[in-house]
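**Q**
Number of protein chains: 2
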Amino acid sequence: MEVIERANQEALRRMLTADPVLIDVLPARDVLTDLGERTILHAGPPIDWPRMCGPMQGAIAGIAVFEGWARDLKEAEALAVEGAFDFRPNHDFDAVGPMTGMTTRSQPVMIVENRTTGNRSYCTINEGLGKVMRFGGNDAEVLNRLRWLRDVLGPAMGAALRQSEGIPLKALVARGLTMGDEMHQRNVACSGLLLRALSPELARVATDMEALAKSLAFIGGNDQFFLNIAMAMGKAIMDPVRDIEGSTIVTAMSRNGTDFGIRVSGTGDTWYTAPVEMPEGLYFPGFGPEHANPDMGDSTIVETIGLGGFAMAAAPAVAGFVGAGAASDAALFTRDMGEITVGENPEWTIPSLDYQGVPTGIDIRLVVESNIAPTINTGIAHKEPGRGQVGAGVVKAPLACFEAALSGIAERLNVE
Amino acid sequence: MEVIERANQEALRRMLTADPVLIDVLPARDVLTDLGERTILHAGPPIDWPRMCGPMQGAIAGIAVFEGWARDLKEAEALAVEGAFDFRPNHDFDAVGPMTGMTTRSQPVMIVENRTTGNRSYCTINEGLGKVMRFGGNDAEVLNRLRWLRDVLGPAMGAALRQSEGIPLKALVARGLTMGDEMHQRNVACSGLLLRALSPELARVATDMEALAKSLAFIGGNDQFFLNIAMAMGKAIMDPVRDIEGSTIVTAMSRNGTDFGIRVSGTGDTWYTAPVEMPEGLYFPGFGPEHANPDMGDSTIVETIGLGGFAMAAAPAVAGFVGAGAASDAALFTRDMGEITVGENPEWTIPSLDYQGVPTGIDIRLVVESNIAPTINTGIAHKEPGRGQVGAGVVKAPLACFEAALSGIAERLNVE
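Line by line, the protein sequences give chains V and H. Take the first sequence: its letters are residues 1 to 416, numbered as in the numbering used here. Take the second sequence: its letters are residues 417 to 832, numbered as in the numbering used here.
1. Buried or exposed: P814/H, going by 16 or more other Cβ atoms within 10 Å of its Cβ?
2. Please go through the same chain and pick out, in chain order, the residues whose beta-carbon is closer than 8 Å to the beta-carbon of I301/V, but skip the five residues on each side of it.
3. In chain H, which residues lie with their C-beta within 9 Å of the C-beta of M312/V?
4. 7 Å is my cut-off, CB to CB: does A324/V come that close to chain H?
5. Name the chain H residues that come within less than 7 Å of P316/V, Cβ to Cβ?
6. State whether the stretch 274-284 of chain V contacts the stretch 377-386 of chain V, with contact taken as three or more CB pairs (one from each stretch) at a distance under 8 Å.
7. I645/H by DSSP, collapsed to three states: which one?
8. In three-state terms, what does DSSP make of S370/V?
9. Please report how far the alpha carbon of R392/V lies from the alpha carbon of E827/H, in whole angstroms.
10. Quick one: what does DSSP say V96/V is sitting in, helix, strand or coil?
11. Hey, quick one: how far does the alpha helix (DSSP H) through P461/H stretch, first residue to last?
12. Reducing DSSP to helix, strand and coil, say where E832/H ends up.
13. Taking the continuous beta strand (DSSP E) assigned at W764/H, which residues delimit it?
14. Where A274/V and V395/V are concerned, what is the direct C-alpha to C-alpha distance, given to the nearest angstrom?
15. Hey, does T750/H have any beta-carbon neighbour from chain V nearer than 7 Å?
16. Tell me the DSSP bridge mates of R591/H?
17. Quick one: grab the DSSP three-state call for Q163/V.
18. When the cut-off is 7 Å and only beta carbons count, does G608/H lie next to chain V?
19. Closest by CA to A83/V, which one among D94/V, Q9/V, I60/V, G154/V?
20. How about G552/H and A797/H: are their beta carbons less than 7 Å apart?
21. Less than 7 Å between CB atoms is the rule here; does M209/V satisfy it with respect to chain H?
22. Run through chain H and tell me which residues come within less than 7 Å of T178/V, C-beta to C-beta.
23. Looking at the unbroken alpha helix (DSSP H) that takes in R550/H, where does it start and where does it end?
24. Spatial neighbours of S164/V within its chain, please: CB distance less than 6 Å, with the 5 preceding and 5 following residues excluded, ordered by chain position.
25. Please go through the same chain and pick out, in chain order, the residues whose beta-carbon is closer than 6 Å to the beta-carbon of R550/H, but skip the five residues on each side of it.
26. By how many angstroms is the C-alpha of P351/V removed from the C-alpha of I825/H?
27. Tell me which residues of the stretch 241-254 of chain V have at least one Cβ-Cβ distance to chain H shorter than 7 Å, keeping chain order.
28. Please report the straight-line C-alpha distance between P55/V and P436/H, rounded to a whole angstrom.
29. Determine, using beta carbons only, whether A363/H and G592/H come nearer to each other than 7 Å.
30. Quick one: residues in its chain with C-beta nearer than 8 Å to the C-beta of V548/H, no 5 flanking neighbours on either side, listed in chain order?
31. What does DSSP give as the partner residues of V692/H in its beta bridges?
32. For the candidate residues L457/H, I780/H, E819/H, V621/H, whose alpha-carbon lies nearest to that of V525/H?
33. Going by CA-CA distance only, name the one from T248/V, G158/V, D259/V, R88/V that's closest to R51/V.
34. Between the alpha carbons of E832/H and R531/H, how many angstroms are there, rounded?
35. With 7 Å set as the bound, which would you pick, yes or no: does the beta-carbon of E416/V sit closer than that to a beta-carbon of chain H?
36. If we cut at 7 Å on Cβ distances, does R204/V have a partner in chain H?
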């Protein structure tokens, strides 16, 4: 239908003209409008405590202790059961969060502004690998790291960014694609490029050399540091696409560990959900599929902008890490994603494909017609609270979400 | 012949077991044994003033002013003509230098130690792009930058490295190969990885925040910063291979802008030379082949260890930069270099080739038999003194060097 084609071209235009810039880091309470006193933002579509998976319940207990709402994990759990907390999706607050996606008042959030449209998006700072809150970790080590992010690194990054002109992300990501990153499970290049841009500014605002050294070492020692920035960037790019009448372009894919949900431009902020799938991947030593929680996190926003599994061809080394087959087969994933997208991004190109742009703009019609589900590169959390990451893999977005969304669009266009 | 095969396997073994670590930065006079008062080390095989190309003469005039041996470029030139300076190859002092390769007493040199064998190699700090001394630049801007490297960055890097355990380079380069670097014309990943490792140490020894910020910005703003470290690493890896009786493995390739020279293990430190060729490549706006100087520099040491043109498959983005054809053809160069090498490096692998190791150990017999010359990725200097870089390209090592070296080996083995 012509109305749909036109709407989708407009959606693609908005995506390709976005100009995301990392501009600041501030406490969530200062920037997330209407964030309540005991509100806990989580990844994925809306969900209540009883239906939450183990790692998300574990993260919630941990973050409640971190915020001082409970003395210990046990009390925190009891409060959660009693309904003392207000659980809301990050996406309702212009935010995104990886895996469990905990965002609360005192956590610092990185701010990405889309300078084309003026909207801003938010994401917490990446904690590193292993036992971390986004994978359900909640012990003293996890909480102490969050305190250091809140008290030291967050304020330092904020001060550094405020005295800079911000760090434009479009060109940085373009560069990262020529350096083997796909910006979901592989961010080592972009993390390094970010450190290059940020480290002189961090030095200029530093007063304590040892604190500066620790900040530089933390960023430099975390290959996934850029992931949370890529996510805020994805949200900043997609938010202006959320309301185009008739458009069948996916504006968000997200999972809370129980449900997988998508939003589509032509149906605004409606979530279309289906039971989330289990990633297929590789496990860290000592772990296997029997320990794995189903797929989780807002990080799939990067696939909606053509990165992650869609840009696998740029990152042959990630194919092995996520158990997606031979490195030389990485290009096949990108080719497949070309079947379900409406365009390519001429500014985000892949050298090994002779500078073909990443497949951009998931059209739910193409997904349903082809039965090709979006490929997502993801981390795998332990299914029990408090345990952390156990592997990485590839997961398919459930086709049922796309079928339901297509019905939703048809209804609105009266073509049912 | 069996003696040659055995010798070459020993050469390969020494190369693959090398453990190069960046350990310090110190003034050349403190570490280059027997460096004379008015000695100027240059790239390539030995050469006298009258036969030197324009950019090398320009660099010599500049470095003489920098060292205080002349008041201005004119006086420096006159002194050079009179024989006031002692010109010696870097390779005679365990050193290497990019392009013109100027190394003199007061310049800081980075020190790479091969921890397997204990030998050390040296290279000056990379100056950045454009009008720089290694490309023949010699004006006030060039000299002021050298002063800052001498007075600020060099001492800071030295202090930072001395209080660390050194930066192991083998693993860092392995990582860089998964991030699109080939370590000759593309070092953006390794430069970033180096900054990650070095920046916390730089912060710990810093006393002046603005100086630290400038140092971080200089390293972070120079995509080729790692090149000089890769070169010192190459020298540190190859030096223990210099004296294996009967070995036909190339231990150094180098050019002074007039002659191309190679050294072969079985003939020790003898240079086999031939007229250097002109790179074929791409020029910066406003320049063309008519401005180009023939090939120059010690940087070809990286090809002797399997990087640069030999690792082109790892760096599809470099193919376009050096004008070597389509990015998707980059693998062809690596395949060709497999024809003239005796092994692969199992620790330096290329994801897109399903982790095939880089072709390692150039055998002059294979070069002569196949007529396949080593492929070198190189920068292109303006042929006039004082002008700087005008492009980048690919150059072939002249076959005549390899033929002459093969005769030399045959003579020593009495098989002529």
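For each residue, glycine too, the CB sits at the ideal point set by N, CA and C.
**A** The structure says:
1. Under the 10 Å beta carbon count, P814/H is surrounded by 16 or more other beta carbons and is classified as buried.
2. These residues qualify, in order along the chain: V96, M231, G234, K235, M238, A252, M253, S254.
3. Residues of chain H passing the Cβ test: none, with the nearest at roughly 12 Å.
4. False, the Cβ-Cβ gap to chain H never drops below 7 Å.
5. Within 7 Å Cβ-Cβ: P767, S768.
6. Short answer: they touch.
7. Of the three classes helix, strand and coil, the one that applies to I645/H here is helix, per DSSP.
8. S370/V falls in the helix class under three-state DSSP.
9. In the sequence as presented, Arg is not what sits at residue 392/V; that position holds Ala. Across the structure, A392/V and E827/H are spaced so that their CA atoms are roughly 58 Å apart.
10. V96/V falls in the coil class under three-state DSSP.
11. Annotation: P461/H is outside any alpha helix (DSSP H) and is labelled neither H nor E by DSSP.
12. For E832/H, the predicted structure reports a pLDDT of 47, less than 50, and the residue's modelled location is therefore unreliable. A value from the coordinates is still provided. Coil, per DSSP.
13. Here the beta strand (DSSP E) through W764/H covers 757-766.
14. About 14 Å.
15. Not one chain V Cβ lies under 7 Å of T750/H.
16. In the DSSP output, where bridge partners are listed per residue, R591/H has none listed.
17. Three-state result, Q163/V: coil.
18. Contact of G608/H with chain V is assigned, a C-beta pair being separated by under 7 Å.
19. Before going on, a small fix: residue 83/V reads as Gly here, not Ala. Residue I60/V holds the alpha-carbon nearest to the alpha-carbon of G83/V among D94/V, Q9/V, I60/V, G154/V.
20. A contact, by the Cβ cut-off of 7 Å.
21. True, the Cβ-Cβ gap to chain H drops below 7 Å.
22. By Cβ distance, chain H contributes G596, A733.
23. Where R550/H is concerned, there is no enclosing alpha helix (DSSP H), given that its DSSP letter is neither H nor E.
24. Closer than 6 Å at the Cβ level, and outside the excluded window around S164/V, lie E201.
25. Correct list, in chain order: P514, M515, T516.
26. Their backbone Cα atoms lie some 42 Å apart in a straight line.
27. Cβ contacts with chain H come from no residue of the stretch 241-254 of chain V.
28. When rounded, the distance between both Cα atoms is 43 Å.
29. This structure cannot settle anything about residue 363/H, because the visible part of chain H is limited to 417 through 832.
30. Excluding residues within five positions, the ones whose Cβ falls inside 8 Å are V558, R561, G804, Q805.
31. Answer is none; V692/H lacks a bridge partner.
32. When only C-alpha atoms are compared, the closest one is L457/H.
33. The shortest CA-to-CA distance from R51/V to any of T248/V, G158/V, D259/V, R88/V is the one to D259/V.
34. Here E832/H scores only 47 on pLDDT, less than 50, and its place in the model should not be relied on; the value that follows carries that caveat. Cα-Cα distance, rounded: 38 Å.
35. The pLDDT assigned to E416/V is 47, lower than 50, so where the model puts this residue is not dependable; a value taken from the coordinates is nonetheless given after this. For E416/V, the answer is no, since every Cβ of chain H falls outside 7 Å of its Cβ.
36. At least one chain H Cβ lies under 7 Å of R204/V.
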